[in-house]
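First residue of the sequence shown: 1105, per the numbering used here; consecutive thereafter.
Don't be surprised by glycine CBs; every beta carbon is placed ideally from N, CA and C.
Note that the structure is a prediction, hence the values are computed from the model and not measured.
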Amino acid sequence: MHPGPTHRSRRPRRHRPRRPRRPGTRRCRVSGSGGDTTAPEAPTGISPGPVTAWLAERVPDLARPLSFELITGGRSNLTFRVTDAEGRRWVLRRPPTGHVLASAHDVAREHRIIAALTDTPVPVPPLVGLCTDESVNGAPFYVMGWVDGIVVRDRAIAETVDPAVRPVMTRSLVDTLADLHALDPDAVGLGDLGRKQDYVARQLRRWKRQVDEGSDRELPLLHELHDRLAADIPPQQGAGIVHGDYRLDNCMMGHDGHVAAVLDWELCTLGDVLADLAGMVMWWGDADSPRPAFPEVPTAAEGFGTAEEVIARYAERSPRDLSRLDWYIAFQYWRLACISEGVRVRYALGAMGDQDPAEAAGVMERIDRLLDNADRILSGA
């Protein structure tokens, strides 16, 4: 039997002040166990309800609602900061929205690489899980644990780093790259990640073809440099894991100066690891350079050392012969010039949106500077 109704005096309702909304945000309902919860609307590329439910199955005591904030975007994979109601944080990676090439934005491949490196000397973020069911969020995605530290993206941030910590960052950055290159791809389960041989020759063909098919102007020096590079490719010293875009601002640096996690694995493949080292050296800010390609890069700040010191440190940690490293550096300047020419063409076609004309002019000037540096290196100047 159910007891009859009882009559109790009703307590006056307490009125709590509403939390003000951030400008430009609306409220959305994130459903799941425990009822609907109000949260700021998620950015494009995130379906908050299904993603929250997916993450709740993998994270104990997930505190709803979740907030999602875009960290990086553009033509690369999108990176979001995910924060729960108790302030715990994760990182979600997914392909760009709209039409994308599956091979160019394969987040499952990224997840596989990070998983393979988890128990190696190369620091990577801890993985939470991979979702390949596109009904959850419109595209595959994976989630990593949050890694505390600092991403030194530009000169201004670099200037805030304790000068005593800057040399530590340089040594740790180089040592981590040497540790990556020392790994046996087969031993860590990445032996089939890509073709192991003729890495540089394939890169030369790829980027030359892109310029041939996409550029609308004559670039005699670019084509001349291609022929000079292709005629003198150094023999590849074995095949290792190539990050593809290794530099200071693609690593999470701990506050003690050591690499806390290597990020942005979307260009990772197998091949000639000296191309990786050369890419890092190319991006290194060196005040002694007669015409630096990137004068405002973070490593141009005092205390990070010179490119020569970076090369010497790598030579201490790696058995590879670096006598032809200048060739690889020239190759990286040429390669980046080809990539930048593609960006210039997109500016000319209006495919980059509403951009400052000065930016387009800056791309053209950078292409000339990159080609000039490659020519100078190959000529021994």
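First through last residue of the alpha helix (DSSP H) which encompasses residue i
{"i": "Cys1442", "result": "1429-1452"}
{"i": "Gly1383", "result": "1378-1387"}
{"i": "Arg1480", "result": "1461-1482"}
{"i": "Ile1261", "result": "1259-1264"}
{"i": "Gly1153", "result": "1152-1160"}
{"i": "Ser1276", "result": "1270-1286"}
Local conformation of residue i per DSSP, three classes
{"i": "Val1414", "result": "helix"}
{"i": "Tyr1303", "result": "helix"}
{"i": "Gly1342", "result": "coil"}
{"i": "Ser1239", "result": "helix"}
{"i": "Glu1406", "result": "coil"}
{"i": "Phe1254", "result": "Per the sequence presented here, residue 1254 reads as Ile, with Phe not at that position. If DSSP states are grouped into helix, strand and coil, Ile1254 belongs with the strands."}
{"i": "Arg1310", "result": "helix"}
{"i": "Glu1420", "result": "helix"}
{"i": "Thr1224", "result": "coil"}
{"i": "Leu1166", "result": "coil"}
{"i": "Val1186", "result": "strand"}
{"i": "Ile1337", "result": "coil"}
{"i": "Leu1231", "result": "strand"}
{"i": "Val1211", "result": "helix"}
C-alpha gap between residue i and residue j, whole angstroms
{"i": "His1327", "j": "Lys1312", "result": "8 Å"}
{"i": "Val1232", "j": "Leu1482", "result": "46 Å"}
{"i": "Arg1133", "j": "Pro1154", "result": "Caution applies to Arg1133, whose pLDDT of 37 falls short of 50 and renders its modelled position unreliable; the value that the coordinates give is listed next. Straight-line Cα distance between these residues: approximately 11 Å."}
{"i": "Gln1341", "j": "Val1265", "result": "36 Å"}
{"i": "Leu1294", "j": "Leu1159", "result": "27 Å"}
{"i": "Thr1410", "j": "Gly1389", "result": "7 Å"}
{"i": "His1362", "j": "Glu1322", "result": "45 Å"}
{"i": "Arg1428", "j": "Pro1338", "result": "7 Å"}
{"i": "Met1248", "j": "Gly1298", "result": "24 Å"}
{"i": "Pro1289", "j": "Ala1462", "result": "44 Å"}
{"i": "Glu1173", "j": "Thr1187", "result": "9 Å"}
{"i": "Leu1371", "j": "Asp1349", "result": "7 Å"}
{"i": "Asp1210", "j": "Gly1149", "result": "16 Å"}
{"i": "Arg1198", "j": "Pro1229", "result": "16 Å"}
{"i": "Glu1406", "j": "Asp1472", "result": "27 Å"}
{"i": "Ala1268", "j": "Pro1227", "result": "22 Å"}
{"i": "Glu1400", "j": "Thr1224", "result": "33 Å"}
{"i": "Ser1180", "j": "Pro1200", "result": "7 Å"}
{"i": "Ala1262", "j": "Ser1422", "result": "27 Å"}
{"i": "Met1468", "j": "Gly1191", "result": "44 Å"}
{"i": "Gly1202", "j": "Thr1183", "result": "16 Å"}
{"i": "Asp1237", "j": "Leu1166", "result": "21 Å"}
{"i": "Val1304", "j": "Arg1216", "result": "24 Å"}
{"i": "Ala1465", "j": "Arg1310", "result": "25 Å"}
{"i": "Asp1302", "j": "Asp1479", "result": "23 Å"}
{"i": "Ala1212", "j": "Val1195", "result": "15 Å"}
Local Cβ density within 10 Å of residue i, reported as buried at 16 or more and exposed below that
{"i": "Ala1282", "result": "buried"}
{"i": "Arg1162", "result": "exposed"}
{"i": "Leu1475", "result": "buried"}
{"i": "Ile1218", "result": "buried"}
{"i": "Gly1344", "result": "buried"}
{"i": "Pro1436", "result": "First, the residue type needs correcting, since residue 1436 is Gln and not Pro in the sequence shown. Buried, by the Cβ-count rule."}
{"i": "Glu1317", "result": "exposed"}
{"i": "Pro1402", "result": "buried"}
{"i": "Glu1214", "result": "buried"}
{"i": "Gln1307", "result": "buried"}
{"i": "Leu1284", "result": "buried"}
{"i": "Ala1189", "result": "exposed"}
{"i": "Asp1368", "result": "buried"}
{"i": "Ala1374", "result": "This sequence places Leu at residue 1374; Ala is not what is there. Leu1374 should be labelled buried."}
{"i": "Leu1221", "result": "buried"}
{"i": "Pro1453", "result": "The question names Pro, but residue 1453 is Leu in the sequence shown. Exposed, by the Cβ-count rule."}
{"i": "Ile1175", "result": "exposed"}
{"i": "Ala1291", "result": "exposed"}
{"i": "Ala1441", "result": "buried"}
{"i": "Glu1445", "result": "buried"}
Bounding residues of the beta strand (DSSP E) (the contiguous stretch that carries residue i)
{"i": "Ala1365", "result": "1363-1366"}
{"i": "Gly1196", "result": "Correcting the residue type first, residue 1196 is Leu in the shown sequence and not Gly. Segment 1193-1198, the beta strand (DSSP E) holding Leu1196."}
{"i": "Thr1373", "result": "1373-1375"}
{"i": "Phe1245", "result": "1245-1249"}
{"i": "Glu1173", "result": "1171-1176"}
Distance cut-off 8 Å: residue i Cβ against heavy atoms of the ligand HEM
{"i": "Asp1425", "result": "What this structure holds is no ligand at all, so the ligand HEM is not there to describe."}
(request) Would you check if there are 3 or more beta carbon pairs closer than 8 Å linking the region 1353-1364 to the region 1253-1261? (result) With three or more CB-CB distances shorter than 8 Å, the region 1353-1364 counts as touching the region 1253-1261.
(message) Any contact between the region 1380-1388 and the region 1405-1418? By contact I mean 3 or more CB pairs, one from each, below 8 Å.
(response) Yes, the region 1380-1388 touches the region 1405-1418.
(message) Any contact between the region 1233-1241 and the region 1369-1380? By contact I mean 3 or more CB pairs, one from each, below 8 Å.
(response) The region 1233-1241 is not in contact with the region 1369-1380.
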